[in-house]
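To get my numbering, take the position in the sequence shown, counting from 1, and add 7. Every residue, glycine too, gets a C-beta built ideally from N, C-alpha and C. Notes to accompany the following structure.
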Amino acid sequence: MYPFPDRRVLLGLGAAFLIVGPASAEKPLRVGTTAGPVGQILAFAADIARKGGQSVEIVEFTDWVTPNEAVADGDLDANLFQHVPFLQAAIKARGYRLVPVEGAFVLPVGLFSKKVTQIDAVPEGARVAIANDPVNAARGLRLLQTAGLLKLTPGAGDDASVADIVENPKRLRILELDAAQLPRALDDVALAQVSFTYLFAAGGNPRTALISDGQGDRHYTLSFVSRPENRDDPRLKAFIVAVRSPEVKAYVEKTFSGFLEPVW
8 MYPFPDRRVL
18 LGLGAAFLIV
28 GPASAEKPLR
38 VGTTAGPVGQ
48 ILAFAADIAR
58 KGGQSVEIVE
68 FTDWVTPNEA
78 VADGDLDANL
88 FQHVPFLQAA
98 IKARGYRLVP
108 VEGAFVLPVG
118 LFSKKVTQID
128 AVPEGARVAI
138 ANDPVNAARG
148 LRLLQTAGLL
158 KLTPGAGDDA
168 SVADIVENPK
178 RLRILELDAA
188 QLPRALDDVA
198 LAQVSFTYLF
208 AAGGNPRTAL
218 ISDGQGDRHY
228 TLSFVSRPEN
238 RDDPRLKAFI
248 VAVRSPEVKA
258 YVEKTFSGFL
268 EPVW
């Protein structure tokens, strides 16, 4: 279900290190995240933490698998890149001993196109790309349902799959691709589900979404995640205070124009 890298290249998958804070006797807090908006915000928050005397190391990854593996193995103290439904699916698939600690942001997912400018112009038989991991595939299908392009089994939730499609009046052809590849797939498909994480990283404009979700929906809140024994780590608690500061909130609202929603 999830491609898993060898541990010897754990920190070689496009990972970038940002070490913030002066050398100190206290071991630096190591937090994993994904490149893009969340990594950018955590770097800003880490600078605030540094001014308060805390040493924080932010480790950026280019995939959605390695950050959980790194926390589970003890290579990182915590991560911030996923919502709780994604975490629950990862725990079910991999058996991780991981727990959500505190919510941070809601990062939307949208339907984008280079072929049409409105949902009702999506042609019959069009190819539509969604994420291939189970929870985000379900999120894409539910977004397609909200857009009126298909209907799912009543009550279909975070485990919805293409098998739950009960009405597909335009006979759309659903393609499931790695989430990181979806912005590039826009050249080849009529419509694609794109996480704003990868949209911003690819230089895309969130205002071009034909429809999006997330804003105001706390179900998709990105949360700090740690091992159970680390959830009360004073270093992690202190950094979460820095992340949830008014300065970070103002930075998020200014930098991402309301498209990324703080939950505090």
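Every unbroken beta strand (DSSP E) within the segment 115-196, with a cutoff of 3 residues, ordered by chain:
116-119, 134-138, 172-174, 180-184
At the level of alpha carbons, what is the spacing between S230 and V113?
9 Å
Please say whether L243 and A85 have beta carbons closer to each other than 7 Å?
yes
Can you give the Cα-Cα distance for R149 and V135, rounded to whole angstroms?
13 Å
Return the first residue and the last residue of the alpha helix (DSSP H) that A52 is part of.
44-58
Backbone secondary structure at R214 - three-state DSSP:
helix
Does the beta-carbon of Q125 have 16 or more other beta-carbons within 10 angstroms, so that it is buried, or is it exposed?
exposed
Buried or exposed: R37, going by 16 or more other Cβ atoms within 10 Å of its Cβ?
buried
Taking the beta carbon of W71 as the centre, do at least 16 other beta carbons fall within 10 Å, making it buried, or is it exposed?
buried
Please identify the residue among L87, D127, V123 whose C-alpha is closest to the C-alpha of A154.
D127
Taking just the CA atoms, how far does V91 sit from Q188?
23 Å
Would Q273 be called buried (16 or more neighbouring beta carbons within 10 Å of its own) or exposed?
This structure cannot settle anything about residue 273, because the visible part of the chain is limited to 8 through 271.
Where R251 and F51 are concerned, what is the direct C-alpha to C-alpha distance, given to the nearest angstrom?
12 Å
Excluding the 5 residues flanking V3 on each side, which residues of the same chain have their C-beta closer than 7 Å to its C-beta?
This structure does not reach residue 3, given that the chain is present from 8 up to 271, and the question cannot be answered.
Report yes or no: do the segment 52-70 and the segment 217-224 share at least 3 C-beta pairs separated by less than 8 Å?
no
Three-state secondary structure (DSSP) of A85:
strand
Please name the residue in R238, E236, G162, I137 whose C-alpha comes closest to that of E183.
I137
Three-way DSSP call (helix, strand, coil) for E109 in this model:
strand
Taking 7 Å as the threshold (beta carbon to beta carbon), is I172 in contact with chain B?
The structure shown contains no chain B; it holds only a single protein chain.
Give the single residue among K177, R191, K158 whose Cα lies nearest to the Cα of S120.
R191
For V201, report the span of its alpha helix (DSSP H) as first-last.
It is not in any alpha helix (DSSP H) - V201 instead sits in the beta strand (DSSP E) that spans 198-202.
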